[in-house]
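**Q** Chains as they are written, first to last, in this note's numbering: chain A, 1 to 93; chain B, 94 to 465.
Glycine is no exception: its CB is placed at the ideal position from the N, C-alpha and C atoms.
Here you go:
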């Protein structure tokens with residue numbers, strides 16, 4: 001399976017200056033797919049998740065255009081080839 | 094992103110570390126402290142509640158605890174006065190899994206004693222204390238304070254449940270005091286193995302029992318470096334002095350327009366001298382009568398005198414937060430403070446005359462100073 005993560009501007013330096021990262025491996029859930037991303041970009045993890053493993057309150061993750069907050073959270077299933085956006089919420093700055 | 098300016102301090106220069114709601118700034122001046130060069134903004138867009146300077150063991154290291162609303166908080170440091178900063182791959186201040194807690198904000202960074210050059214402390218929200226024994230490479234929760242049975246009854250103040258003051262005793266290596274809003278002061282006599290509340294004489298205006306064992310909303314505490322028995326405490330209502338290392342407290346609100354306030358600083362050499370900025374009340378946390386007045390005592394709180402020359406005395410409804418005042422080590426001592434409206438003031442003569450360093454920063458959260 002492969003997935004494409006779209007990395008937000010402020011985190012690109014921590015992802016090897018890449019705006020998109022393709023990961024390959026088995027993933028049954030968003031959480032599994034994120035684990036594949038962390039293996040390539042470990043510094044991105046703590047900026048997206050708290051130490052409790054929860055998505056930070058002002059970070060949104062969209063899978064194929066749908067927020068995971070509306071589709072089962074990190075445990076939601078993910079399809080082969082999914083495009084996963086990590087985006088800062090409108091707050092902040 | 095904004096253009097970032099840098100300064101190149103020389104030996105003997107005075108440096109101000111200023112954390113704001115939208116990033117960190119540095120200000121450099123020569124010993125005369127007449128004019129200041131600005132550096133920053135560093136971490137633009139992040140709130141910087143905590144800054145610190147570590148000059149032990151030959152270091153010239155600035156610490157900051159930026160909090161991004163999106164990406165969380167971590168400690169970052171610079172060994173070249175802000176030109177570059179560390180950006181650790183893994184968040185360096187983290188609660189252990191067993192606490193089932195996530196870090197909200199870093200409130201304080203405090204170097205340990207001079208003879209423990211690799212020890213640093215970090216106070217955070219929710220209220221907890223972290224320690225590093227390797228000059229800030231790794232950090233660990235001080236578990237006994239976290240596990241204190243009274244912690245379940247601590248209540249958050251307006252700023253959150255924060256551990257904002259860390260005072261390693263200059264003479265006793267096993268003793269340290271911390272302050273939490275709103276839990277009060279706690280002291281350890283055994284290097285963190287056990288902690289006990291230390292609020293005798295400090296009132297809690299907002300509780301039915303005005304003098305509880307713990308639960309006070311202590312806003313800031315300072316300790317005389319060369320006479321650690323002498324401490325001053327600015328409370329959420331109440332201004333106090335201790336002459337027994339914080340074991341008991343005496344009311345010293347003599348001649349101040351209000352005993353409510355946040356910021357407090359103590360003279361580096363004279364344990365009888367301290368500075369505060371009274372605010373009107375908890376319901377109106379601004380300078381009384383529209384006058385921005387620093388009050389100084391020269392006799393350990395028997396009397397306080399307003400220091401106003403150069404400060405606005407009309408239509409100045411300012412707020413100075415708990416960590417936004419600092420005193421340097423020169424003679425006469427320089428005193429510095431920042432306001433929530435983004436004004437930074439300096440005095441090079443212990444408060445007799447003030448000048449505006451800058452008017453237009455984001456809300457100022459912390460001011461620290463060091464001599465390079």
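(1) Just to check, is the beta-carbon of residue 123 (chain B) closer than 7 Å to a non-hydrogen atom of the ligand PLP?
(2) Residue 59 (chain A) versus chain B: which residues are under 7 Å apart at the beta carbon?
(3) For the stretch 26–47 of chain A, which residues have a CB atom closer than 7 Å to at least one CB atom of chain B, in sequence order?
(4) Name, going along the chain, the residues of the stretch 175–192 of chain B whose beta-carbon falls closer than 7 Å to a beta-carbon of chain A.
(5) In the DSSP assignment, find the unbroken alpha helix (DSSP H) run with residue 40 (chain A) in it and report its ends.
(6) Does residue 77 (chain A) get closer than 8 Å to chain B when you measure Cβ to Cβ?
(7) Report all residues from its chain with a CB closer than 6 Å to the CB of residue 275 (chain B); omit the five preceding and five following residues, and keep chain order.
(8) Just to make sure I have the definition right: I need the residues of chain B whose C-beta is within less than 8 Å of the C-beta of residue 56 (chain A). Which are they?
(9) What three-state label does DSSP hand residue 239 (chain B) in the structure shown?
(10) Going by beta carbon distance, what residues of the same chain come within less than 7 Å of residue 59 (chain B), once the five residues before and after it are set aside?
(11) In terms of alpha-carbon separation, which member of A:86, A:79, A:62, A:1 lies closest to residue 44 (chain A)?
(12) Going by DSSP in three states, residue 10 (chain A) sits in which element: helix, strand or coil?
(13) Give, in chain order, every residue of the stretch 192–211 of chain B whose Cβ lies closer than 8 Å to some Cβ of chain A.
(14) Residue 91 (chain A) versus chain B: which residues are under 8 Å apart at the beta carbon?
(15) Check this for me: beta carbons of residue 460 (chain B) and residue 418 (chain B), under 8 Å apart or not?
(16) Give, in chain order, every unbroken run of the beta strand (DSSP E) that is at least 3 residues long and sits entirely within the stretch 112–168 of chain B.
(17) Can you tell me whether residue 376 (chain B) is buried or exposed? The criterion is at least 16 other CB atoms within 10 Å of its CB, across all chains shown.
(18) Expressed to the nearest angstrom, what Euclidean distance is found between the alpha-carbon atoms of residue 388 (chain B) and residue 230 (chain B)?
(19) Could you pull out every residue in the same chain whose Cβ sits closer than 6 Å to the Cβ of residue 260 (chain B), ignoring the five residues on either side in sequence?
(20) Can you tell me whether residue 381 (chain B) is helix, strand or coil according to DSSP?
(21) Can we say the stretch 69–83 of chain A touches the stretch 2–12 of chain A, given the rule of at least three CB pairs closer than 8 Å?
(22) Skipping 5 residues on each side, what residues in its chain have a beta carbon closer than 6 Å to that of residue 367 (chain B)?
(23) Take the Cβ of residue 292 (chain B) as the centre, count every other Cβ of all protein chains shown within 10 Å, and call the residue buried at 16 or more, exposed below.
(24) Classify residue 68 (chain A) as helix, strand or coil using the three-state DSSP reduction.
(25) Would you call the stretch 405–417 of chain B and the stretch 377–385 of chain B in contact, with 3 or more CB pairs under 8 Å?
(26) What are the boundary residues of the beta strand (DSSP E) that residue 459 (chain B) is part of?
(27) Tell me whether residue 367 (chain B) sits in a helix, a strand or coil according to DSSP, three-state version.
(28) Whose C-alpha, out of B:198, B:124, B:335, is nearest the C-alpha of residue 221 (chain B)?
(29) Can you find at least 3 beta carbon pairs, one from the stretch 130–140 of chain B and one from the stretch 184–195 of chain B, that sit closer than 8 Å?
(30) Looking only at C-alpha atoms, which of B:365, B:393, B:392, B:347 sits nearest to residue 371 (chain B)?
(31) What residues from chain D crowd round residue 52 (chain A), counting only those whose CB sits closer than 9 Å?
(32) Exposed or buried, what is residue 333 (chain B) when buried is set at 16 or more other beta-carbons lying within 10 Å of its beta-carbon?
(33) Among A:33, A:77, A:40, which one has its Cα closest to the Cα of residue 108 (chain A)?
**A** Looking at the atomic coordinates:
(1) This structure does not include the ligand PLP; it has no bound ligands of any sort.
(2) 163
(3) 42, 43, 46, 47
(4) 182, 183, 184, 187, 188
(5) For residue 40 (chain A), the enclosing alpha helix (DSSP H) has its first and last residue at 30–40.
(6) no
(7) 248, 250, 310
(8) 163, 164, 165
(9) Helix at residue 239 (chain B).
(10) With chain B running from 94 to 465 in the structure shown, residue 59 (chain B) is simply not present.
(11) A:86
(12) helix
(13) 193, 194, 195, 196
(14) 162, 163
(15) yes
(16) 116–122, 130–135, 140–147, 154–161
(17) Counting other Cβ atoms within 10 Å of its Cβ, residue 376 (chain B) stays below 16 and is therefore classed as exposed.
(18) 40 Å
(19) 270, 316
(20) helix
(21) In this structure the stretch 69–83 of chain A touches the stretch 2–12 of chain A; the number of beta carbon pairs closer than 8 Å is three or more.
(22) 325, 359, 390
(23) Residue burial annotation: residue 292 (chain B) is buried, with at least 16 other C-beta atoms found within 10 angstroms of its C-beta.
(24) helix
(25) yes
(26) Its beta strand (DSSP E) spans residues 457–464.
(27) If DSSP states are grouped into helix, strand and coil, residue 367 (chain B) belongs with the strands.
(28) B:198
(29) no
(30) B:347
(31) Protein chains in the displayed structure are A and B, and chain D is not among them.
(32) buried
(33) What is shown of chain A runs 1 to 93, which leaves residue 108 (chain A) out entirely.
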